[in-house]
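Participant: Taken in order, these protein sequences are the chains called A and B. Per the numbering used here, residue 1 is the first one in the first sequence, and the count goes up by one each step. Per the numbering used here, residue 1001 is the first one in the second sequence, and the count goes up by one each step.
2 protein chains.
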Amino acid sequence: MPTVEQRTDLPQPAREEIRIEQVLAALGDPVRLLFVRQLAKAPAVGVACGVIPLPVTKSTRTHHLRILRAAGVISMRAEGTRRVACLRREDLDALYPGLLDGILGAQH
Amino acid sequence: MPTVEQRTDLPQPAREEIRIEQVLAALGDPVRLLFVRQLAKAPAVGVACGVIPLPVTKSTRTHHLRILRAAGVISMRAEGTRRVACLRREDLDALYPGLLDGILGAQH
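1. Relative to chain A, which residues along the region 1021 to 1038 of chain B have a C-beta separation below 8 angstroms, given in chain order?
2. Within 10 Å of its beta-carbon, does Asp-1009 (chain B) have 16 or more other beta-carbons around it, so buried, or fewer, so exposed?
3. Measure the CB-CB distance between Arg-1015 (chain B) and Ala-1094 (chain B) and report whether it falls below 9 angstroms.
4. For Leu-1034 (chain B), which residues of its own chain have a beta-carbon under 7 angstroms away from its beta-carbon, when the five flanking residues on both sides are left out?
5. Does any C-beta atom of chain B lie closer than 9 angstroms to the C-beta of Leu-99 (chain A)?
6. Going straight from the alpha carbon of Lys-1058 (chain B) to that of His-1064 (chain B), what length do you get?
7. Buried or exposed: where does Val-23 (chain A) fall if 16 or more other Cβ atoms within 10 Å of its Cβ makes it buried?
8. I need the straight-line Cα distance from Arg-1061 (chain B) to Ala-42 (chain A), nearest angstrom please.
9. If the cut is a Cβ gap below 8 angstroms, which residues of chain B does Ala-70 (chain A) touch?
10. Below 9 angstroms between beta carbons: does that hold for Leu-39 (chain A) and Ala-106 (chain A)?
11. Report the CB separation of Val-1073 (chain B) from Ala-1026 (chain B) in whole angstroms; it is logged as a contact under 8 angstroms.
12. List the residues of chain B whose Cβ lies closer than 7 angstroms to the Cβ of Ala-106 (chain A), in chain order.
13. Taking only the alpha-carbon atoms, compute the straight-line gap between Ala-1044 (chain B) and Ile-1018 (chain B) and give it to the nearest angstrom.
14. Taking 9 angstroms as the threshold (beta carbon to beta carbon), is Glu-16 (chain A) in contact with chain B?
15. Check the Cβ of Gly-1102 (chain B) against every Cβ in chain A and list those closer than 7 angstroms, keeping chain order.
16. If I measure Cβ to Cβ from Val-47 (chain A) and keep anything under 7 angstroms in the same chain, skipping five residues before and after, which residues do I get?
17. Just curious, the beta strand (DSSP E) that Glu-1079 (chain B) is in, first and last residue?
18. Once you ignore the five residues that flank Gln-6 (chain A) on each side, which residues in its own chain have a CB closer than 8 angstroms to its CB?
19. With distances taken between CB atoms, is the gap from Leu-1099 (chain B) to Arg-1037 (chain B) smaller than 9 angstroms?
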């Protein structure tokens, strides 16, 4: 019998629970913004978090990703021992049209 | 001889010195976002800072306005004893098209 890998979505706010102050505060950090910029280039199905290099320790990385997830900027799911992250582009574009493009297109 | 009121612009980053992380961090606070939302409704020539009600003490207000100014979100000038604030809409729209509209249009 083939092994079925368990997939579990980590807790996150529903679209209507997302708040602009929290989204902006989550994105207003160089490390988190770097992660989101890289994630935006990844396939929409998501990417293993560890694949995106960040100039911080593992525990700091975990902390930053939790802030992004709690704010509703990214979703994460556990696939076995991996954590796969997705940018919640559809939710953010629906709530704040133009916001994400304005940020991702920034030259500096 | 008529009195000429002295107008002095307070220090602020030039457009090319504005950084997206600092703009987002400045806006990612409920009090500062409230101020910016109110300022966005004011005439483009600016409004006396004290006219916009904020649920904080005067020293906290000064702190928040300094963060917004240092990030390049607002400009301020001294006119006699008044401080007049303007939203730097033109600069922000040029640097990050869509960002400000996405934020100001947010329902929550």
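A virtual CB, placed ideally from N, CA and C, is assigned to each residue, including glycine. Fair warning: this is a prediction, and the values are worked out from it, not measured in the lab.
Facilitator: For this structure:
1. Glu-1021, Gln-1022, Val-1023, Leu-1024, Ala-1025, Ala-1026, Leu-1027, Gly-1028, Asp-1029, Pro-1030, Leu-1033
2. For the purposes of this step, residue 1009 (chain B) is taken as the residue at position 9 of the second sequence. By the neighbour-count definition (other C-beta atoms within 10 Å, threshold 16), Asp-1009 (chain B) is an exposed residue.
3. Stepping through the second sequence from its first residue, residue 1015 (chain B) is reached at position 15. Stepping through the second sequence from its first residue, residue 1094 (chain B) is reached at position 94. Between Arg-1015 (chain B) and Ala-1094 (chain B), the CB-CB gap stays under 9 angstroms.
4. Start at 1 with the first residue of the second sequence, and residue 1034 (chain B) comes out as number 34. Answer for Leu-1034 (chain B): Leu-1054, listed in chain order.
5. Start at 1 with the first residue of the first sequence, and residue 99 (chain A) comes out as number 99. Yes, Leu-99 (chain A) lies at the interface with chain B (some Cβ there is under 9 angstroms from its Cβ).
6. Within the second sequence, residue 1058 (chain B) is the residue found at index 58, counting from 1. Within the second sequence, residue 1064 (chain B) is the residue found at index 64, counting from 1. Rounded to whole angstroms, Lys-1058 (chain B) to His-1064 (chain B) spans 10 angstroms at the Cα level.
7. In the first sequence, counting from the first residue as 1, residue 23 (chain A) sits at position 23. Under this definition Val-23 (chain A) is a buried residue.
8. Locating residue 1061 (chain B) in the second sequence gives position 61, where the first residue counts as 1. Locating residue 42 (chain A) in the first sequence gives position 42, where the first residue counts as 1. Their backbone Cα atoms lie some 41 angstroms apart in a straight line.
9. Taking the first residue of the first sequence as position 1, residue 70 (chain A) is located at position 70. Those within 8 angstroms of Ala-70 (chain A) in chain B number zero; the least Cβ separation is about 13 angstroms.
10. Here residue 39 (chain A) refers to the residue found at position 39 of the first sequence. Here residue 106 (chain A) refers to the residue found at position 106 of the first sequence. Against a cut-off of 9 angstroms, the Cβ pair of Ala-106 (chain A) and Leu-39 (chain A) comes out as no contact.
11. As a first step, residue 1073 (chain B) must be located in the second sequence, where it is residue number 73. As a first step, residue 1026 (chain B) must be located in the second sequence, where it is residue number 26. Confirmed, Cβ separation roughly 5 angstroms.
12. Along the first sequence, read from residue 1 onward, the residue named residue 106 (chain A) stands at position 106. Here the neighbours are Ile-1020, Leu-1095, Tyr-1096.
13. Counting from one through the second sequence, the residue named residue 1044 (chain B) turns up at place 44. Counting from one through the second sequence, the residue named residue 1018 (chain B) turns up at place 18. For Ala-1044 (chain B) and Ile-1018 (chain B), the distance between alpha carbons rounds to 20 angstroms.
14. Counting from 1 along the first sequence, the entry for residue 16 (chain A) is found at position 16. Output row for Glu-16 (chain A): interface = yes.
15. Translated into the one-based positions of the second sequence, residue 1102 (chain B) becomes position 102. Within 7 angstroms of the CB of Gly-1102 (chain B), the CB atoms of chain A belong to Tyr-96, Pro-97, Gly-98, Leu-99, Gly-102, in sequence order along the chain.
16. For the purposes of this step, residue 47 (chain A) is identified with residue 47 of the first sequence, where counting begins at 1. Cβ within range, chain order: Leu-39, Val-84, Ala-85.
17. Here residue 1079 (chain B) corresponds to residue number 79 of the second sequence, with the count starting at 1. Element bounds for Glu-1079 (chain B): 1074 to 1079.
18. As a working mapping, residue 6 (chain A) is identified with position 6 in the first sequence. Cβ within range, chain order: Ala-78, Glu-79, Gly-80.
19. Translated into positions along the second sequence, residue 1099 (chain B) becomes position 99. Translated into positions along the second sequence, residue 1037 (chain B) becomes position 37. Inclusion of Leu-1099 (chain B) and Arg-1037 (chain B) in the CB contact set at 9 angstroms is not warranted, their separation being larger than that value.
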